[in-house]
Amino acid sequence: MSQNAEHVLDHFELFRGPEYKEMLAKKREQFEDPVPATEVERIREWTKTPEYREKNFGREALTINPAKACQPLGAVFAAAGFERTLPFVHGSQGCVAYYRSHFSRHFKEPTSCVSSSMTEDAAVFGGQNNMIDGLANAYNLYKPKMISVSTTCMAEVIGDDLNAFIKNSKEKGSVPLDFDVPFAHTPAFVGSHVTGYDNVMKGILEHFWDGKAGTVPKTERVPNESINFIGGFDGYTVGNLREVKRLLTLMGVEHTILADNSDTWDTPTDGEFRMYDGGTTLEEAANSVHAKATISMQEFCTEKTLNYISGRGQQVAAFNHPVGVAGTDKLLMEISRITGKPIPDSITKERGRLVDAIGDSSAHIHGKKFAIYGDPDLTLGLAGFLMELGAEPVHILSTNGGKLWEQRVKTLLASSPFGANCHAYAGKDLWHMRSLLFTEPVDFLIGNTYGKYLERDTGTPLIRIGFPIFDRHHHHRYPIWGYQGGLNVLVWILDKIFDEIDRSTNVPSKTDFSFDIIR
Amino acid sequence: MSNLSNKVQEVFNEPGCGTNQGKSEKERKKGCTKQLQPGAAAGGCAFDGAKIALQPITDVAHLVHGPTACEGNSWDNRGSKSSGPHLYRTSFTTDINEHDVVFGGEKHLYRSIKEIIEKYNPPAVFVYQTCVPAMIGDDIESVCKAASQKFGKPVIPVNSPGFVGPKNLGNKLAGEAMLDYVIGTEEPEFTTPYDINIIGEYNLSGELWQVKPLLDELGIRILACISGDARYHQVASSHRARAAMMVCSKAMINIARKMEERYSIPFFEGSFYGVSDMSESLRGIAKLLVGRGAPEELIGRTEAVVTREEARAWQRLAPYREHLQGKRVLLITGGVKSWSVVAALQEVGLEIVGTSVKKSTKEDKERIKEIMGDDAHMIDDMTPREMYKVLKEARADIMLSGGRTQFVALKAKMPWLDINQERHHAYAGYEGMVDLVHEIDKSLRNPVWEQVRRPAPWEQTVPAGGRAVRAA
Chain U
479 MSQNAEHVLD
489 HFELFRGPEY
499 KEMLAKKREQ
509 FEDPVPATEV
519 ERIREWTKTP
529 EYREKNFGRE
539 ALTINPAKAC
549 QPLGAVFAAA
559 GFERTLPFVH
569 GSQGCVAYYR
579 SHFSRHFKEP
589 TSCVSSSMTE
599 DAAVFGGQNN
609 MIDGLANAYN
619 LYKPKMISVS
629 TTCMAEVIGD
639 DLNAFIKNSK
649 EKGSVPLDFD
659 VPFAHTPAFV
669 GSHVTGYDNV
679 MKGILEHFWD
689 GKAGTVPKTE
699 RVPNESINFI
709 GGFDGYTVGN
719 LREVKRLLTL
729 MGVEHTILAD
739 NSDTWDTPTD
749 GEFRMYDGGT
759 TLEEAANSVH
769 AKATISMQEF
779 CTEKTLNYIS
789 GRGQQVAAFN
799 HPVGVAGTDK
809 LLMEISRITG
819 KPIPDSITKE
829 RGRLVDAIGD
839 SSAHIHGKKF
849 AIYGDPDLTL
859 GLAGFLMELG
869 AEPVHILSTN
879 GGKLWEQRVK
889 TLLASSPFGA
899 NCHAYAGKDL
909 WHMRSLLFTE
919 PVDFLIGNTY
929 GKYLERDTGT
939 PLIRIGFPIF
949 DRHHHHRYPI
959 WGYQGGLNVL
969 VWILDKIFDE
979 IDRSTNVPSK
989 TDFSFDIIR
Chain S
263 MSNLSNKVQE
273 VFNEPGCGTN
283 QGKSEKERKK
293 GCTKQLQPGA
303 AAGGCAFDGA
313 KIALQPITDV
323 AHLVHGPTAC
333 EGNSWDNRGS
343 KSSGPHLYRT
353 SFTTDINEHD
363 VVFGGEKHLY
373 RSIKEIIEKY
383 NPPAVFVYQT
393 CVPAMIGDDI
403 ESVCKAASQK
413 FGKPVIPVNS
423 PGFVGPKNLG
433 NKLAGEAMLD
443 YVIGTEEPEF
453 TTPYDINIIG
463 EYNLSGELWQ
473 VKPLLDELGI
483 RILACISGDA
493 RYHQVASSHR
503 ARAAMMVCSK
513 AMINIARKME
523 ERYSIPFFEG
533 SFYGVSDMSE
543 SLRGIAKLLV
553 GRGAPEELIG
563 RTEAVVTREE
573 ARAWQRLAPY
583 REHLQGKRVL
593 LITGGVKSWS
603 VVAALQEVGL
613 EIVGTSVKKS
623 TKEDKERIKE
633 IMGDDAHMID
643 DMTPREMYKV
653 LKEARADIML
663 SGGRTQFVAL
673 KAKMPWLDIN
683 QERHHAYAGY
693 EGMVDLVHEI
703 DKSLRNPVWE
713 QVRRPAPWEQ
723 TVPAGGRAVR
733 AA
């Protein structure tokens, strides 16, 4: 046998040994009733055809490889952006383990989050007791300053009333009466993680602005010169929010970042474990009602939130994850318009540098065809940037995009000749994308880690931009907003283009005639 | 050094060079290049010129005798392509140190040659002299001679240290090395009445391969290309060609002229850039070959190919004419012949608002006048600052230039297309012209140019020369 105790082989090597190869082949032949290899090949080829694509797009019930996550994930994301706040998910504990591992695999940081660990009896009798015990334990064990409650499907299906449960818990002494416990209903069977973000953000603001669930008087808004800034659910939150803060500081704009999780998911290794780090302070959250305006970087992450904020008398402005020169221009000018602060020369210079970099490299990107998938706002931002570079988006797909998103994409595409041959696919999944890539091939695919299967299947090189990125490290530390961020995205795209040129020219004496030093 | 000074003087006296012949005796003695101005930006040195001229010979080990910088900066930096061996892309240098400077580097050089021959066994080793060993008196000619005898293999000294002058002089000194030590030292396996040499073509981006299929079709054999995609044996036996075409007159005119003198190989100067220039070149080759005894019918066959290829090229270019008609081009080139590119671009309706003549001969300038008219805007040697000014004033739609001026163009908000040696697209022949026009068309349509010409939207003033281009 290839395995022995002296030298145990790991999974990379084990099944490559001749014994295993032979054994697996025999097993297949003798016991698996195999379909002939030619037949497998025939079907494989058939799945690449327009005929199969039609059947694939005819799917009504089944979702295959969705590019979206659930509301509670977004809920935890938003809650984690506040000072010493423990996200508390009312429902089953397994869900929470998923959110924590999901974030930790992406951000390479621990994520603090607890659940009320509902079980079968809770599902029958309601989860109130779990809430009462859960809040008490969480409060005593982890010493948070705030507990943000959201839900999983389980609690939503049986219709648990969070407002009443929290009130009752406080009366039972789980947490002090004046302890902040904002809440939001976030069922996974409605919307996606961007919806969950929206709900929790709105829940937390309502809590602080509208009298903490009736326990104190509603805050009277006294407008000041400050602005609020909401990033939305964003895999690049660590780099992006720091970049935004830098830009706003350069402009001299007084600001509050709502749900600032840039430090939450980027703590130093210095011998101290920080269960909580950074975040929007509760005082800032409460005072943010007085701001002049609120800017959201992601329209689809803040539909309800902005609606609520605007109802409280603030100006609101929503963007679609702007990336690149024109997108950043619009953002900064809007900030400048609202605050009356001019854009300083130092930022104008950064802009010029990005334009310069694009000019240096545009010939390599011009006319390249791209497929993009991801969250609604991110796909819009990236598509805008690609067209700015002279690239041609061809397929834009968003599993959690809806009719309004599709409309936004169409408007964007119509604004440039480079968008002429592109289609938006709302509500479609990555198996749809597979058919698109086979029947209308593109040069590059932009998406999250799960795109690597598409890359392998279709041979379309994947540029990893999105959430989650599990198989490449630390990209989340780089901004993709601001001119600096545009530069990062430009470099990631270029790196892949050059890697591909090298890859297609690197076989000695076969293709390396064009394996050049200078590109 | 006296040997080298003689060589330099000899090269300066090149009778094939029109500029040189136009000078007085006294002027000629001063040399054919402008004295470098200390403190002013300058181009490459004679070593660089020699290295880039010969590096495209693919099966040779190119050994640079000097400190690491000379080879380090020139290693594999030209994009001249090979259809076979890749030894020319391996970096060989003696990488001399303080000890060598004090005690002399000749032994070090000898041992390096020995190791190359032992490890790689190439058909020949070219040894390039650089400033430091030249100054301490390393005699590379003697070392090469000794090594040749010892190892029974051509070891060729290329004596062109950087300080003797500019890049162009180095090109010519490299040519001299070929004439002195390589050409005529071997015999081809067979000869045909259709054998030609192409001189001064470096197969950058594989441009030779855009031309070769047409020559193949006509039954014309490239006995040697000096030096693009060449093998040592081809160069060594190139003296048996029936005719030669000289592609870049400035670089290797001495090779063409001396081969005519020594071996009676007639040559003409031609270009592969542009539809009509390409046709003229094919006709020129056919004419010379027939003059040397090739069957008369070659002329007729050549005309047939020219007619067919021109029609095909025009048909493919026609759709671009519509976009490009009236678009204004500023041409700043070094190695690529300005006039041939000018003619080529005019063919698709582009208007040339200015062209550089830095490396052009008097004849070149005459040709440019012929093509562009008397008011031709010729731009001589130019500092980046002046260039920037010209670009801003030129109000051109696009600039075609080498990589070094790319950045000036970009800062002056000028669309730019690389047409010098570091480019990645091949623009030679009928095929190349279609590619060039396609690239120009693409560049003009790139949205970034609209972007660079617009100030930040919060800035009110439109800078001079800021002229918007349409996105499509």
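Chains U and S, in that order, are what the protein sequence lines are. Every letter in the first sequence is one number past the one before it in the numbering used here, and letter 254, counting from 1, is 732. Every letter in the second sequence is one number past the one before it in the numbering used here, and letter 288, counting from 1, is 550. Positions of the beta carbon are idealized from the N, C-alpha and C atoms, including for glycine.
Asked                                                                                                                                                                                       : Found
For the structure I just gave you, are there three or more beta carbon pairs, one from the stretch 445-462 of chain S and one from the stretch 335-352 of chain S, closer than 8 angstroms? : no
Under 8 angstroms, Cβ to Cβ, is there at least one residue of chain S near M811(U)?                                                                                                         : yes
Look at the Cβ atom of M507(S), then the Cβ atom of S538(S), and state whether they are nearer than 8 angstroms.                                                                            : no
Please classify T857(U): does DSSP put it in a helix, a strand, or coil?                                                                                                                    : helix
Go through the stretch 660-745 of chain U residue by residue and report every complete run of the beta strand (DSSP E) that reaches 3 residues or more, in order.                           : 705-708, 733-736
With 8 angstroms as the threshold, decide whether the Cβ of R981(U) is near any Cβ in chain S.                                                                                              : no
At 7 angstroms on the CB atoms, spell out the chain U contacts of L672(S), in chain order.                                                                                                  : D834, G837, D838
Taking a Cβ distance cut-off of 8 angstroms, strictly less, list which residues of the stretch 679-712 of chain S are near chain C, in chain order.                                         : No chain C appears in the structure shown, which is made up of the protein chains U and S.
Which whole-angstrom value is the C-beta distance of I445(S) and C487(S), which I expect to be below 8 angstroms?                                                                           : 13 angstroms between Cβ atoms; not a contact.
I need the DSSP call for I681(S), collapsed to helix, strand or coil.                                                                                                                       : coil
Taking three-plus beta-carbon pairs below 8 angstroms as touching, is the stretch 470-486 of chain S in contact with the stretch 399-406 of chain S?                                        : no
Quick one: what does DSSP say K847(U) is sitting in, helix, strand or coil?                                                                                                                 : strand
Tell me where the beta strand (DSSP E) around G616(S) begins and ends.                                                                                                                      : 613-618
Scan the stretch 964-997 of chain U for residues whose Cβ lies nearer than 8 angstroms to a Cβ of chain S and list them as they occur along the chain.                                      : P986, S987, D990, F991, S992, D994, I995, I996, R997
Under a CB-based cut-off of 8 angstroms, is H495(S) close to chain U?                                                                                                                       : no
Should the stretch 327-339 of chain S be regarded as contacting the stretch 309-318 of chain S, the criterion being three or more beta carbon pairs within less than 8 angstroms?           : yes
Give the secondary structure of T772(U) by DSSP, where H, G and I count as helix, E and B as strand, and everything else as coil.                                                           : strand
Can you round the beta-carbon distance between G713(U) and G559(U) to whole angstroms, since I take them to be within the 8 angstroms contact cut?                                          : About 14 angstroms separates the two Cβ atoms, so there is no contact after all.
Report buried or exposed for N268(S), applying the criterion of at least 16 other Cβ atoms within 10 angstroms of its Cβ.                                                                   : exposed
Using a cut-off of 8 angstroms between C-beta atoms, extract the partners of I821(U) located in chain S.                                                                                    : A718, W720
Got a sec: is the Cβ-Cβ distance from R831(U) to anything in chain S below 8 angstroms?                                                                                                     : no
What is the C-beta distance between A737(U) and F686(U), in whole angstroms, given that I count them as a contact (C-beta under 8 angstroms)?                                               : Not really, about 13 angstroms apart at Cβ, beyond 8 angstroms.
Who are the near neighbours of L672(S) in its chain, counting only those whose CB is closer than 8 angstroms to its CB and skipping five residues on each side?                             : W678, V714
Using a 10 Å radius around the Cβ and a threshold of 16 neighbouring Cβ atoms, would you call N1051(U) buried or exposed?                                                                   : Within the shown structure, residues of chain U are numbered from 479 to 997, placing residue 1051(U) beyond reach of any answer.
Taking T745(U) and D755(U) to be in contact with their CB atoms under 8 angstroms, please state how far apart those CB atoms are, rounded to whole angstroms.                               : 5 angstroms
According to the Cβ coordinates, are H687(S) and S467(S) closer than 8 angstroms?                                                                                                           : yes
For the stretch 858-875 of chain U and the stretch 831-841 of chain U, state whether three or more C-beta atom pairs, one from each stretch, are separated by less than 8 angstroms.        : yes
My output table needs one value for F993(U): the three-state DSSP class, helix, strand or coil.                                                                                             : coil
Tell me which residues of the stretch 890-903 of chain U have at least one Cβ-Cβ distance to chain S shorter than 8 angstroms, keeping chain order.                                         : S894, P895, F896
Could you pull out every unbroken beta strand (DSSP E) segment of at least 3 residues lying fully inside the stretch 300-362 of chain S, listed in chain order?                             : 323-327
To be precise: take each residue of the stretch 861-892 of chain U, compare its Cβ to all Cβ atoms of chain S, and keep it if any distance is under 9 angstroms. Which residues remain?     : M865, E866, L867, G868
Let's test the definition: count the other Cβ atoms within 10 Å of the Cβ of V270(S) and tell me whether it reaches 16, buried, or not, exposed.                                            : buried
Please name the residue, chosen from C573(U), A614(U), P588(U), that lies closest to S628(U) on a Cα-to-Cα basis.                                                                           : C573(U)
Please list the partners that H348(S) has in chain U, where partner means a Cβ-to-Cβ separation under 8 angstroms.                                                                          : P986, S987, D990
Using a C-beta to C-beta distance shorter than 7 angstroms, which residues of chain U count as neighbours of M341(S)?                                                                       : As written in the sequence, residue 341(S) is Gly, which differs from the Met given in the question. Neighbours of G341(S) on chain U, chain order: D994, I996.
Against chain U, does V714(S) count as a neighbour if the rule is that its beta carbon must be under 8 angstroms from one of theirs?                                                        : yes
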